[in-house]
Amino acid sequence: DSGVTQTPKHLITATGQRVTLRCSPRSGDLSVYWYQQSLDQGLQFLIQYYNGEERAKGNILERFSAQQFPDLHSELNLSSLELGDSALYFCASSPKGLAGAYEQYFGPGTRLTVT
Amino acid sequence: DAKTTQPPSMDCAEGRAANLPCNHSTISGNEYVYWYRQIHSQGPQYIIHGLKNNETNEMASLIITEDRKSSTLILPHATLRDTAVYYCIVRVLGMNYGGSQGNLIFGKGTKLSVKP
Chain A
-8 DSGVTQTPKH
2 LITATGQRVT
12 LRCSPRSGDL
22 SVYWYQQSLD
32 QGLQFLIQYY
42 NGEERAKGNI
52 LERFSAQQFP
62 DLHSELNLSS
72 LELGDSALYF
82 CASSPKGLAG
92 AYEQYFGPGT
102 RLTVT
Chain B
-7 DAKTTQPPSM
3 DCAEGRAANL
13 PCNHSTISGN
23 EYVYWYRQIH
33 SQGPQYIIHG
43 LKNNETNEMA
53 SLIITEDRKS
63 STLILPHATL
73 RDTAVYYCIV
83 RVLGMNYGGS
93 QGNLIFGKGT
103 KLSVKP
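These protein sequence lines map, in sequence, to chains A and B. Per the numbering used here, residue -8 is the first one in the first sequence, and the count goes up by one each step. Per the numbering used here, residue -7 is the first one in the second sequence, and the count goes up by one each step.
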């Protein structure tokens, strides 16, 4: 158990819909990262937040957005869903301090299926 | 960031040491080597990281060559539960943590199959 929690575990929705994925980082971790894993693309970085502020963006579509709240939990919003958005979505958090930037702890993921 | 090259797959007998190689010939002086693994569809798991000295923790050992162009992750006594995809990642450590971009860049990794 990494200490990172993600809800829901599974999500099935239709094309064109909007969903929200939730992540709670490990206690005390200020950074939250979102990754997408699809069969053909592998693990892809989407976005990073640090203490409520966006810190880095990867290959995140404009239809996707995220935020980190004052209690440090984060939400990833996916809208106008397409079949190709079906994937595993992972959240990770990393410890505070200079030495921890790439020592990331991943949650169990949310499996999104768009039909 | 330096690119890494790993064999796509490896087999290992249960109870034997698993030695997973990684080539990072373009690594620069301030880049660390990180290893993660992903057991089928679970979230990736941090294993170990190092700069130039060999490192050991409760999970594995990391051996980095003197010229730092390659490294080997060693699982000393592989079990069936070590069957996973292992990722070698090279990244610069952010000097300003608050401003650093800490995202990991995953390649295809090595699929390790531990067999009874």
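For every residue, glycine included, the Cβ atom is placed at its ideal position computed from N, Cα and C.
In the structure shown, what three-state DSSP assignment does residue i receive?
i: L72(A); result: coil
i: S13(A); result: The question names Ser, but residue 13(A) in the sequence shown is Arg. Correct three-state label for R13(A): strand.
i: L72(B); result: helix
i: M87(B); result: With a pLDDT of 49 at M87(B), under the threshold of 50, the modelled position of that residue is not reliable, and no figure is offered here.
i: R29(B); result: strand
i: G30(A); result: Rather than Gly, the amino acid found at residue 30(A) in this sequence is Leu. Residue state, collapsed to three classes: coil.
i: P13(B); result: strand
i: F97(A); result: strand
i: V82(B); result: strand
i: I19(B); result: coil
i: V77(B); result: strand
i: T104(A); result: strand
i: E66(A); result: strand
i: I39(B); result: strand
Can you name, in chain order, every residue of its own chain whose Cβ lies under 6 Å from the Cβ of residue i, other than the five neighbours on each side?
i: H1(A); result: R102
i: N88(B); result: Low confidence applies to N88(B): its pLDDT is 48, below 50, so where it sits in the model is not reliable enough to give any reading.
i: Q39(A); result: Y24, R46 and A47
i: N109(A); result: Residue 109(A) cannot be examined here, being either before or after the span of chain A that is shown, -8 to 106.
Taking 8 Å as the cut-off, is the CB of residue i close to at least one heavy atom of the ligand ZN?
i: Y80(A); result: Inclusion of the ligand ZN in the displayed structure is not the case, the ligand content being empty and no account of it being possible.
Could you spell out the range, first to last residue, of the beta strand (DSSP E) harbouring residue i?
i: K48(A); result: E44 to K48
i: D3(B); result: S1 to A5
i: F36(A); result: G33 to Y41
i: I97(B); result: Unbroken run through I97(B): none, as it is neither H nor E.
i: S18(A); result: Neither: S18(A) is in no beta strand (DSSP E) and is coded neither H nor E.
Residues in its own chain within less than 8 Å of residue i by CB, not counting five upstream and five downstream?
i: M51(B); result: I39, I40 and L67
Between residue i and residue j, which are expected to be in contact by the criterion C-beta below 8 Å, what is the C-beta distance as a whole number of angstroms?
i: L54(B); j: L72(B); result: Wrong, their Cβ atoms sit about 22 Å apart, outside the cutoff.
i: Q(-2)(B); j: T75(B); result: About 16 Å separates the two Cβ atoms, so there is no contact after all.
i: E23(B); j: V84(B); result: 5 Å
i: L79(A); j: Q28(A); result: 4 Å
By Cβ distance below 7 Å, which residues in the same chain neighbour residue i in space, the five residues on each side in sequence not counted?
i: T6(A); result: L72, E73, L74 and V105
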